[in-house]
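Asks:
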Amino acid sequence: MNKAGFSGKPQNSSNDLGDDIPVAVRDTPDATPKIWLQPRIMLIGGITGFVLLASISGFLFFVTAPRKTADSQPSPTSSAPTPTTESGNVNTVLGHFPYPEAPESELVTISANRGIRMRKAAAQKFEEMVAGARSAGVILEPISGFRSVKDQEQLFFAVGAQRNQTPAERAALSAPPGHSEHHTGYAVDVGDGSVPATNLQTNFDKTKAYQWLQANAARFSFEMSFPKDNIQGVSYEPWHWRFVGDRDSLEMFYKARNLKPAKIRQ
1 MNKAGFSGKP QNSSNDLGDD IPVAVRDTPD ATPKIWLQPR IMLIGGITGF VLLASISGFL
61 FFVTAPRKTA DSQPSPTSSA PTPTTESGNV NTVLGHFPYP EAPESELVTI SANRGIRMRK
121 AAAQKFEEMV AGARSAGVIL EPISGFRSVK DQEQLFFAVG AQRNQTPAER AALSAPPGHS
181 EHHTGYAVDV GDGSVPATNL QTNFDKTKAY QWLQANAARF SFEMSFPKDN IQGVSYEPWH
241 WRFVGDRDSL EMFYKARNLK PAKIRQ
């Protein structure tokens, strides 16, 4: 006869080994694989993110990087001589800038009886200016146009010696060879046909021709080269005018004008 409250089956039977494992432990999955995978997943994710970021950065650099094109290539340098500077001053000769000699193929005659020539563009505008002055009763007479370097040597050295002038004194009236605006074919000395005694004289500025030029020369793209107190230190020459009506003439003269010539010590 069993005692009350006592089961006939033993509580710890050797035939049921699974009961030796607590229920809480049996039902909980093994956490070891998760602990091992987490750092590996983080490492792989970091590497993938780095590669992706590098790829995006490379693509953006390729898209935004400047490319060399024909427009970005440096422009060829001009073959025309350019004044060089030293200590902020221009390497001039006695206050005059160097100028290239006009090619023969560019020169045409503006005064057949005196053989005066200018470059084609300047000659055309000068003849138009002469016609415009004539319609106003003014006679513009060309005195000198293109001069070669050889012609300038004769003018500068021979005439200077005849007049007992030093090179510095002569340079105030005439440019040394290689440094005259007349070499360019764009410059012309102008006189008043009614009063030839004023030719190449400062009192030319009292003539009708000069007054007409002052009022009208710019319409034909001419300007006076050496006004009073000019920065080159060249004597006042109201008769000397130059053409600045095309790209070549404009660059040639205004590059020189914007530079400061070296001081001449006598």
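Letter 61 of the sequence shown, counting from 1, is numbered 61 in my numbering, and no numbers are missing.
Ideal Cβ placement from N, Cα and C applies to all residues, glycine included.
#1: Thinking C-beta only, is residue 180 closer than 8 Å to residue 152?
#2: Give the secondary structure of residue 155 by DSSP, where H, G and I count as helix, E and B as strand, and everything else as coil.
#3: Does the Cβ of residue 232 have 16 or more other Cβ atoms within 10 Å, making it buried, or fewer, making it exposed?
#4: For the stretch 116-125 against the stretch 199-210, do three or more pairs of beta-carbon atoms, one drawn from each stretch, fall closer than 8 Å, so that the two count as touching?
#5: Pair every Cβ in the stretch 136-152 with every Cβ in the stretch 205-219, then say whether three or more of these pairs are closer than 8 Å.
#6: What residues are listed by DSSP as bridge partners for residue 180?
#7: Going residue by residue through the stretch 99-135, where are the continuous beta strand (DSSP E) segments of at least 3 residues, counting only ones entirely within it?
#8: Quick one: using the 10 Å Cβ neighbour count with 16 as the cut-off for buried, is residue 194 buried or exposed?
#9: Check each candidate in 251, 239, 218, 220 and name the one with the smallest Cα separation from residue 192.
#10: Which one of 197, 175, 196, 249 has the shortest CA to CA distance from residue 92?
#11: Leaving out the 5 sequence neighbours to the left and right, which residues in its chain are closer than 6 Å to residue 160 when beta-carbon positions are compared?
#12: Looking at residue 243 and residue 125, is the spacing between their C-beta atoms short of 8 Å?
#13: List the residues that DSSP assigns as beta-bridge partners of residue 173.
#14: Might you give, ordered along the chain, the residues of its own chain that have their beta carbon closer than 8 Å to the beta carbon of residue 207, omitting 5 neighbours on each side?
#15: Quick one: give me the first and last residue of the beta strand (DSSP E) that residue 213 is part of.
#16: Do the CB positions of residue 147 and residue 96 come within less than 8 Å of each other?
#17: Just to confirm, are residue 107 and residue 185 a CB contact at a threshold of 8 Å?
#18: Ordered along the chain, which non-local residues of its own chain (more than five positions away) have a Cβ less than 7 Å from that of residue 17?
Replies: Checking against the coordinates, here is how it stands:
#1: yes
#2: helix
#3: buried
#4: no
#5: yes
#6: DSSP output for residue 180 lists no bridge partner at all.
#7: 107-111, 116-119
#8: exposed
#9: 239
#10: 175
#11: 170
#12: yes
#13: Bridge partners of residue 173: none, in fact.
#14: 192, 194, 195, 198
#15: Taken as a continuous stretch (DSSP letters only), residue 213 belongs to no beta strand (DSSP E), being part of the alpha helix (DSSP H) at 208-216.
#16: no
#17: yes
#18: The predicted position of residue 17 is uncertain, since its pLDDT is 44 and thus under 50; no value can be drawn from it.
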